[in-house]
Every structure is written in structure tokens, then in C-alpha cells.
Amino acid sequence: MLRCAVRRLDLVTAPVGARFRSHSKVRKPRFPKLPATPVISKTSSITWSSGEVTHPAPLDCPLGNKGDYPQELPDGGRQYFGFQYYPRFPGEVDPPYKPAPLHLVTRVRCLKNKPWWDKDIMKKLGLDGKRSDYTIVKNIPEINAMLWKVKYLVKITPIRVPADLPEEVDPRCCFLKETGEFSYSHELKVEDSTLEEDPKTNATKWDRDLIDSHTRKNWNYPWQLKLC
198 MLRCAVRRLD
208 LVTAPVGARF
218 RSHSKVRKPR
228 FPKLPATPVI
238 SKTSSITWSS
248 GEVTHPAPLD
258 CPLGNKGDYP
268 QELPDGGRQY
278 FGFQYYPRFP
288 GEVDPPYKPA
298 PLHLVTRVRC
308 LKNKPWWDKD
318 IMKKLGLDGK
328 RSDYTIVKNI
338 PEINAMLWKV
348 KYLVKITPIR
358 VPADLPEEVD
368 PRCCFLKETG
378 EFSYSHELKV
388 EDSTLEEDPK
398 TNATKWDRDL
408 IDSHTRKNWN
418 YPWQLKLC
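For my numbering, count along the sequence shown from 1 and bump the result up by 197.
As C-alpha cells, this is what we get:
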């Protein structure tokens, strides 16, 4: 109380524009300041935990790297665009590989509680229906970029086309397996008459709305249920 009274008296008797020193204690920081994270430049080097091999620092953006690939690394590996490759023995060359022109994409997971951007990609691919839906897409960078974002939701199988496939192919003689094997044979030909539905069988089919209304009626009026 005495300190507050003296403070008020000083404020009253002090000239205009005078400054007063605060008597409050300055609090020390609760946590000490951590040193700033060192910034690694493109010309600096990064050492592995073993301390045996030194690699160049990663680029800020891999798309801005216009160097020639592959690049030989000091430890015997090869630096490709976006990844590093280590051969089993020096001078190993991979066998020639011809990528598949088409991919069989099958949905393997549910879309519930998934982000909207993943659902949007699945809708563009036509896989927003049942979990067992599948589609056939081209093996091009635009489609592969979309599949990379939803790779945890789909299963990608390359389609293997036989080498002796004729130029003019009858779609009724083709068959695509779940393993991605595409077969063509005249023995597999399906006649158009077998694809038509029988009108008698189609008349006895129940759709979802009819089943719901019929079961609800039996639940609300069980005394009208016919047991035989």
C-alpha cells in the first residue's frame, strides 16, 4: 500500500513528459533458446551416420535439377532422378524392360473417412462405387501421378498382351484375368444371343426398393405375413 501511495504521489508531482522506471521484475524465459538450425547449401556435404561416405546435399527442388543421369556416387552407387540405386556387383546392368501400355487398377480399400482430394481422384478414375470396382488406364505420366497419390487405396496390375495378337481383334474373343493376363482365342467367343436377358427371369427379379418396401411391410404388419 505504501509503495502504491508513493507511486501515485510521484505521478501527480512529476512534470509533463517525465518517464518512470518500472519496479516490476523481468521474468526469465522458462525454456532456454535453442540454437538455430544450420542451413545446408547446395555446395556443402552431408555425412552418413557411419562417417565413411560423404554425399552431396539434396537439392531444394528435384524438378530444378538439370544434371545428367545417372551419376556415379563415391560408394559405388548411382544417382538417378529422385532415387539412388546400388547394384549387387560393380558393373551390373539391368535387363531390358518394356513397360506395359495399360494398367488394371482395382480398388482394395473403403473410401470412408478419406480426404476429399483422394475421393476426387477416385471419382475421376471411376472407382467411387463398390470396393471391388476396377478400371483400365493408360500408362502415362498424368495417370501415374494420380495413382501415386491414391496408391494406398488401389492395386495396380500391368496388363500383359500376347505377342501374336492380330491387328483386327474381335472383342467377343477376348478375356482379361485378374492377374493382368490378356488372352485372345476364338474358343472364347461369346454369342450375342447369350448376352440377352430372359424376359421371364427378368420379371421375377426384385430391385432394392421393392425389397425394402416388402420387408418393411412384413415388419409393421406381422399378422399379415404368410408363412407358406
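Even for Gly, the Cβ is constructed at its ideal location relative to N, Cα and C.
Whose C-beta lies closer than 6 Å to the C-beta of residue i among residues of the same chain, with five residues either side of it excluded?
{"i": "residue 299", "result": "333, 356"}
{"i": "residue 385", "result": "370, 372"}
{"i": "residue 354", "result": "301, 377"}
{"i": "residue 329", "result": "none"}
Taking residue i and residue j to be in contact with their CB atoms under 8 Å, please state how far apart those CB atoms are, rounded to whole angstroms.
{"i": "residue 347", "j": "residue 325", "result": "That pair is no contact at about 11 Å."}
{"i": "residue 287", "j": "residue 274", "result": "The pair is not a contact, with the Cβ atoms about 11 Å apart (cut-off 8 Å)."}
{"i": "residue 305", "j": "residue 352", "result": "5 Å"}
{"i": "residue 336", "j": "residue 296", "result": "6 Å"}
{"i": "residue 415", "j": "residue 407", "result": "Going by Cβ atoms, the distance from residue 415 to residue 407 rounds to 13 Å, so no, they are not a contact pair."}
Give the straight-line distance between the Cα atoms of residue i and residue j, rounded to the nearest whole angstrom.
{"i": "residue 344", "j": "residue 280", "result": "19 Å"}
{"i": "residue 270", "j": "residue 366", "result": "49 Å"}
{"i": "residue 308", "j": "residue 340", "result": "20 Å"}
{"i": "residue 291", "j": "residue 283", "result": "12 Å"}
{"i": "residue 387", "j": "residue 405", "result": "30 Å"}
{"i": "residue 225", "j": "residue 322", "result": "58 Å"}
{"i": "residue 331", "j": "residue 390", "result": "26 Å"}
{"i": "residue 418", "j": "residue 411", "result": "11 Å"}
{"i": "residue 409", "j": "residue 420", "result": "18 Å"}
{"i": "residue 488", "j": "residue 364", "result": "Residue 488 cannot be examined here, being either before or after the span of the chain that is shown, 198 to 425."}
{"i": "residue 289", "j": "residue 303", "result": "35 Å"}
{"i": "residue 320", "j": "residue 338", "result": "19 Å"}
{"i": "residue 393", "j": "residue 276", "result": "58 Å"}
{"i": "residue 368", "j": "residue 413", "result": "44 Å"}
{"i": "residue 268", "j": "residue 227", "result": "49 Å"}
{"i": "residue 313", "j": "residue 327", "result": "17 Å"}
Using a Cβ-Cβ cut-off of 7 Å (strictly less than) and excluding sequence neighbours within five positions of residue i, which residues of its own chain qualify?
{"i": "residue 285", "result": "none"}
{"i": "residue 362", "result": "381"}
{"i": "residue 318", "result": "343, 346, 347"}
If I measure Cβ to Cβ from residue i and keep anything under 8 Å in the same chain, skipping five residues before and after, which residues do I get?
{"i": "residue 311", "result": "350"}
{"i": "residue 359", "result": "379, 380, 381"}
Across which residues does DSSP place residue i in a beta bridge pair?
{"i": "residue 299", "result": "335"}
{"i": "residue 371", "result": "381"}
{"i": "residue 352", "result": "303"}
{"i": "residue 357", "result": "378"}
{"i": "residue 275", "result": "269, 282"}
Would you say residue i faces chain B, with C-beta separation under 8 Å as the test?
{"i": "residue 389", "result": "Of the protein chains in the structure, only one exists, and it is not chain B."}
Meets three-Cβ-pair contact criterion under 8 Å: the segment 398–407 and the segment 373–386: no
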